[in-house]
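The structure appears below as structure tokens.
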Amino acid sequence: MYEGVVQNLIDELGRLPGVGPKSAQRIAFHLLAADVDDVRRLVSALTEVKEKVRFCATCGNVAEDELCRICLDQRRDPSILCVVEEPKDVVAIERTREYRGRYHVLGGAISPIEGVGPDELRVRELMSRLADGTVTELILATDPNLEGEATATYLARMVASLGLRVTRLASGLPVGGDLEYADEVTLGRAFEGRRSLDV
Amino acid sequence: MISGRTVRGRRAWCAGVPASGDNGRVSLYRDEGIVLRTQKLGEADRIVTLLTRGHGRVRAVAKGVRRTSSRFGARLEPFMHVDIQLATGRTLDVVTQAETIAPYGMSITDDYGRYTAATAILETAERLTAEEGEPTVQHYLLLVGALRTLAEGAHEPGLVLDAYLLRGLSVAGFAPSFSDCARCDAEGPHRLFSVQAGGIVCRSCRPSGTVAPAPDTVALLGALLTGDWDVADASEPRARREASGITAAFLQWHLERGLRSLTLVER
Ligand SMILES: [Zn+2]
Ligand SMILES: [Zn+2]
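Protein chains in written order, with the UniProt record's numbering: chain A, 1 to 199; chain B, 1 to 267.
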């Protein structure tokens with residue numbers, strides 16, 4: 001244990017995701033030794049992000065205004081909606097430049113063991129977005145892990161009666177890998193999502 | 001099931017050698033287990049909690065498992081039944097190899113009712129088994145059986161969950177009685193049920209706070225405890241609802257904190 005303020009800083013840093021007590025200590029002492037201007041810049045970046053950034057009223061993505069950049073963009077196809085867990089997933093999909101539709105950010109995945117059920121996510125908001133019939137295709141792009149799969153299963157069932165085309169991102173074999181190293185679930189999902197080759 | 005496999009938990013070699021790091025030698029052991037829970041650690045690792053056959057509950061680090069290029073792939077996701085090799089570490093053991101015995105996760109996540117029931121099963125398994133290192137073979141076999149049954153879709157998920165909960169409590173030493181009086185052993189059937197007394201009670205014992213469940217509910221509870229699936233599968237929705245309420249109350253009474261996932265189970 002250290003003197004009051006230093007320990008305070010270590011405790012606060014230790015609450016960040018992926019930062020253990022050792023790393024918290026290392027970061028704290030790095031900051032103590034760092035140039036005061038560098039630390040000021042970090043502080044103002046932190047303050048600014050909390051003051052300026054909020055969540056888009058429509059899709060739940062990070063936004064600097066009422067609506068996010070993508071929801072404001074008239075060129076984006078309103079008939080396709082891609083459901084993701086987190087804003088960082090929007091960034092990842094945008095980087096591919098493959099997708100021209102819109103997004104819906106759930107704010108996580110259904111995880112009963114963490115006490116997160118459908119009511120803790122932006123599922124109700126999703127259902128009301130789908131109500132007016134503008135969206136005709138729903139892409140379920142939740143994480144390809146167990147909670148993401150279960151969340152996609154739940155959503156697919158929720159929207160089953162709406163007559164939408166519901167798709168799930170194909171999950172399968174990592175490009176550049178050997179088939180024999182794939183685990184059974186990855187290989188099984190790859191079989192489910194196989195596509196036809198045009199000859 | 002997995003007879004013929006040589007995965008009975010035993011330190012494979014170097015038993016008694018200090019944990020890794022001290023002199024470069026590592027103590028490895030092999031076991032089979034069910035993945036109960038995973039937590040993110042650092043950039044790409046996870047802490048994986050397993051219920052193993054020979055070593056009880058184990059928490060171990062799976063390095064690089066969150067990278068898409070990880071050689072573990074989906075093998076260390078919850079519900080997976082794996083043959084696993086671990087290296088003893090100073091604070092946490094480290095997963096060195098994992099092979100799938102049965103990928104229950106896939107068919108469980110394809111059905112939301114199964115998923116929520118299976119999640120409650122995993123949370124219960126973590127809570128009802130002793131701290132690390134204590135073998136819990138009976139509970140382990142119960143867990144494997146419950147997940148296999150769920151994955152096969154042979155019975156309604158809620159029934160599988162309640163059967164597992166009642167039997168899990170029995171294995172933990174809290175066996176409920178659904179015929180003879182839980183207090184004085186007077187031969188049943190009796191009409192009254194008391195969570196505190198540990199099941200059905202007779203008229204003369206009758207502690208405060210008893211309820212009088214319907215006879216077919218009591219029959220269902222008894223069938224779930226003994227594994228009489230013909231009776232359980234034929235039960236009415238009303239009896240299932242009442243039985244699941246009684247099972248949940250019974251479980252909460254024996255656990256210090258409530259189960260988070262139980263309220264989210266889709267019945
Ligand atoms: Zn938006
Ligand atoms: Zn009695």
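Glycine included, each C-beta is placed from N, C-alpha and C at the ideal position.
Note that the coordinates shown come from a computational prediction; the quantities given were computed from them, not determined experimentally.
Enclosing beta strand (DSSP E) for residue i [first to last residue]
i         : result
Asp83(B)  : Met80 to Ala87
Leu192(B) : Leu192 to Ser194
Gly252(B) : It is worth fixing the name first, because residue 252(B) is Gln in this sequence and not Gly. Not the beta strand (DSSP E): Gln252(B) falls in the alpha helix (DSSP H), residues Pro237 to His254.
Glu125(A) : Premise fails: Glu125(A) lies in the alpha helix (DSSP H), Val123 to Leu130, not in any beta strand (DSSP E).
Glu32(B)  : Leu28 to Leu41
Val211(B) : Element bounds for Val211(B): n/a, residue is neither H nor E.
Arg165(A) : Arg165 to Arg168
Distance cut-off 7 angstroms: residue i Cβ against heavy atoms of ligand 1
i              : result
Leu67(A)       : yes
Asn145(A)      : no
Ile70(A)       : yes
Cys82(A)       : no
Ala141(A)      : no
residue 210(A) : In this structure chain A extends from 1 to 199, so residue 210(A) is not present and cannot be described.
Ala63(A)       : yes
Thr58(A)       : yes
Closest Cα partner of residue i within the set the options
i         : options                                       : result
Leu138(A) : Thr167(A), Asp89(A), Gly193(A) and Gly172(A)  : Thr167(A)
Thr122(B) : Arg46(B), Leu150(B) and Ile101(B)             : It is Leu, not Thr, that sits at residue 122(B) in the sequence shown. The shortest C-alpha separation from Leu122(B) is found at Leu150(B).
Glu99(B)  : Pro207(B), Leu259(B) and Glu77(B)             : Glu77(B)
Glu192(A) : Tyr181(A), Asp178(A), Leu179(A) and Gly172(A) : Gly172(A)
Thr124(B) : Val95(B), Arg114(B), Asp162(B) and Glu152(B)  : Asp162(B)
Val26(B)  : Ala87(B), Ala44(B) and Gly158(B)              : Ala87(B)
Arg57(B)  : Thr129(B), Ala239(B), Thr116(B) and Arg67(B)  : Thr129(B)
Leu41(B)  : Leu72(A), Lys22(A) and Gln74(A)               : Lys22(A)
Thr52(B)  : Arg203(B), Gly158(B), Phe79(B) and Asp228(B)  : Phe79(B)
Phe193(B) : Ser170(B), Gly168(B) and Leu221(B)            : Leu221(B)
Thr116(B) : Pro157(B), Arg127(B) and Arg240(B)            : Pro157(B)
Ala24(A)  : Ala34(A), Leu9(A) and Leu197(A)               : Leu9(A)
Pro78(A)  : Asp35(A), Cys59(A), Ile27(A) and Arg26(A)     : Cys59(A)
Ala141(A) : Asp35(A), Val123(A) and Ile93(A)              : Ile93(A)
Val61(B)  : Gly54(B), Thr68(B) and Glu43(B)               : Glu43(B)
Val53(A)  : Glu149(A), Pro87(A) and Tyr154(A)             : Pro87(A)
Glu256(B) : Gly168(B), Arg127(B) and Thr136(B)            : Arg127(B)
Closer than 7 angstroms: residue i CB and nearest ligand 2 heavy atom
i         : result
Arg148(B) : no
Ala212(B) : no
Ser208(B) : no
Ser204(B) : yes
Arg240(B) : no
Arg191(B) : no
Val195(B) : no
Val218(B) : no
Arg183(B) : yes
Ala130(B) : no
Val201(B) : yes
Ala234(B) : no
Ala186(B) : yes
Residue interval of the alpha helix (DSSP H) (run including residue i)
i              : result
Gln74(A)       : No alpha helix (DSSP H) contains Gln74(A), which DSSP labels as neither H nor E.
residue 208(A) : The structure shown does not extend to residue 208(A), since chain A is modelled only from 1 through 199, so no value can be given for it.
Val218(B)      : Pro215 to Thr226
Arg189(A)      : Glu184 to Glu192
Glu152(B)      : Val137 to Glu152
Asp233(B)      : Trp229 to Asp233
Ala45(A)       : Val36 to Lys52
Pro174(A)      : Here Pro174(A) belongs to no alpha helix (DSSP H), and DSSP marks it neither H nor E.
Ala156(A)      : Leu146 to Met158
Ala182(B)      : It is not in any alpha helix (DSSP H) - Ala182(B) carries neither H nor E in the DSSP assignment.
Leu166(B)      : Pro157 to Val171
Opposing strand residues paired with residue i [DSSP bridges]
i              : result
Ala109(A)      : For Ala109(A), which the question treats as bridged, DSSP gives no partner whatsoever.
Asp93(B)       : Ala60(B)
Ile200(B)      : Phe193(B)
Met84(A)       : Per the sequence shown, the amino acid found at residue 84(A) is Val instead of Met. Paired residue(s): Val105(A).
Ile121(B)      : Answer by DSSP bridge pairing: none, since Ile121(B) is not bridged.
Pro21(A)       : In the DSSP output, where bridge partners are listed per residue, Pro21(A) has none listed.
Val48(B)       : Thr38(B) and Ala60(B)
Ser177(B)      : Gly199(B)
Thr100(B)      : Val82(B)
residue 200(A) : In the structure as shown, chain A begins at 1 and stops at 199. Residue 200(A) is therefore absent and cannot be evaluated.
Val116(A)      : Ser111(A)
Ala63(A)       : Arg54(A)
Within chain E, the residues that residue i reaches when beta carbons sit closer than 8 angstroms
i         : result
Phe178(B) : Checking the listed chains, one finds no chain E in this structure; the protein chains it contains are A and B.
Decide yes or no for the touch test of the segment 56 to 68 of chain A against the segment 108 to 118 of chain A: beta carbon pairs closer than 8 angstroms, at least 3 of them.
no
Is the segment 92 to 105 of chain B touching the segment 184 to 199 of chain A in the sense that three or more CB pairs, one from each, lie closer than 8 angstroms?
yes
Would the segment 113 to 128 of chain A count as touching the segment 248 to 262 of chain B if we require 3 or more Cβ pairs under 8 angstroms?
yes
I want to know whether the segment 214 to 221 of chain B touches the segment 139 to 153 of chain B - three or more CB-CB distances under 8 angstroms.
no
Cβ contact (3+ pairs, closer than 8 angstroms) linking the segment 88 to 97 of chain B and the segment 70 to 83 of chain A:
no
If you pair each beta-carbon of the segment 126 to 134 of chain A with each one of the segment 149 to 162 of chain A, do three or more pairs fall below 8 angstroms?
yes
Given 8 angstroms as the limit, is there contact between the segment 94 to 102 of chain A and the segment 33 to 43 of chain A, that is, 3 or more CB pairs closer than that?
no
Check whether the segment 229 to 240 of chain B touches the segment 182 to 199 of chain B, taking contact to mean three or more Cβ pairs, one atom from each stretch, closer than 8 angstroms.
no
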